[in-house]
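Okay, so here's the structure we're looking at.
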Amino acid sequence: QYTVHLTVAGRVYTQPLTVKMDPRVQTPPAALAQQLALSRDVCDALQRDGQVIQRVRRLRAQLVERADQAKGDVAKAVLALNEQVSALLGGGGGGFRGAGGQGSESLARLAGQLQSLYGVLQEADVAPTAVVVAAARDRLAALDPMLARWNAIVTRELPGLNRRLQAAGLGALQP
Numbered sequence: 777q778y779t780v781h782l783t784v785a786g787r788v789y790t791q792p793l794t795v796k797m798d799p800r801v802q803t804p805p806a807a808l809a810q811q812l813a814l815s816r817d818v819c820d821a822l823q824r825d826g827q828v829i830q831r832v833r834r835l836r837a838q839l840v841e842r843a844d845q846a847k848g849d850v851a852k853a854v855l856a857l858n859e860q861v862s863a864l865l866g867g868g869g870g871g872f873r874g875a876g877g878q879g880s881e882s883l884a885r886l887a888g889q890l891q892s893l894y895g896v897l898q899e900a901d902v903a904p905t906a907v908v909v910a911a912a913r914d915r916l917a918a919l920d921p922m923l924a925r926w927n928a929i930v931t932r933e934l935p936g937l938n939r940r941l942q943a944a945g946l947g948a949l950q951p
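Here the sequence shown stands for residues 777 to 951, numbered as in my numbering.
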């Protein structure tokens with residue numbers, strides 16, 4: 777139950793509004809609740825993944841800039857970290873059906889898989905199939921290890937590289 781207020785030319789119109797399920801949908805409420813919960817979980821994972829992808833891309837841009845500026849062992853360290861970060865980011869793509877398929881796990885690939893899953897979940901007002909539920913659980917579980925890899929890069933690898941960059945007279949990188 778809602779109340780809608782519309783103001784036109786200084787005059788307020790109020791009308792009650794009742795939102796009801798489409799009468800053509802015969803899906804039980806419990807199945808719709810399952811669809812909603814899984815959709816929210818996938819959406820939350822997409823948001824978390826997307827935020828880290830943005831941070832990784834910013835760090836990669838800085839690494840590329842420092843690679844051009846650095847010399848010798850510092851340049852090698854920059855390139856080594858760039859390889860780690862690039863592998864974590866990956867190239868993207870891949871529907872959820874390829875969750876266990878070729879290629880290594882990456883943030884971009886996971887984003888593509890989660891987007892695909894979200895699309896499948898939102899196609900119709902029906903309970904998710906067992907295959908979709910299993911794929912969603914698998915892809916949701918894949919996010920935490922990748923976030924842990926990112927955290928390890930930021931907390932373990934990056935501080936050491938920043939010390940070397942600063943000693944070489946180059947600015948520190950910001951994750």
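The beta carbon of each residue, even a glycine, is placed where N, CA and C say it ideally should be.
Candidates the options, of which the one nearest residue i by Cα
| i | options | result |
| --- | --- | --- |
| D825 | A910, R787, P921 | P921 |
| Q898 | Q811, D849, A948 | Q811 |
| A948 | R842, G895, T905, R932 | R842 |
Cα-Cα separation between residue i and residue j, rounded to whole angstroms
| i | j | result |
| --- | --- | --- |
| S815 | Y789 | 36 Å |
| Q802 | A856 | 56 Å |
| V832 | Q950 | 10 Å |
| L724 | T931 | Outside the displayed span of the chain (777 to 951) sits residue 724, for which this structure offers no information. |
| E933 | R800 | 56 Å |
Contact belief for residue i with residue j at Cβ below 8 Å, rounded distance in angstroms
| i | j | result |
| --- | --- | --- |
| L893 | S882 | Not confirmed; about 16 Å, so no contact. |
| R940 | A809 | Not confirmed; about 53 Å, so no contact. |
| I829 | A884 | 6 Å |
Coil, strand or helix - residue i by DSSP
| i | result |
| --- | --- |
| V780 | strand |
| L855 | helix |
| R831 | helix |
| L946 | coil |
Residue i burial status per 10 Å Cβ neighbour count (16 or more: buried)
| i | result |
| --- | --- |
| Q889 | buried |
| P792 | exposed |
| G876 | In this prediction, G876 has a pLDDT of 42, which is less than 50 and means its spatial position is unreliable; nothing more can be read from the coordinates. |
| R915 | buried |
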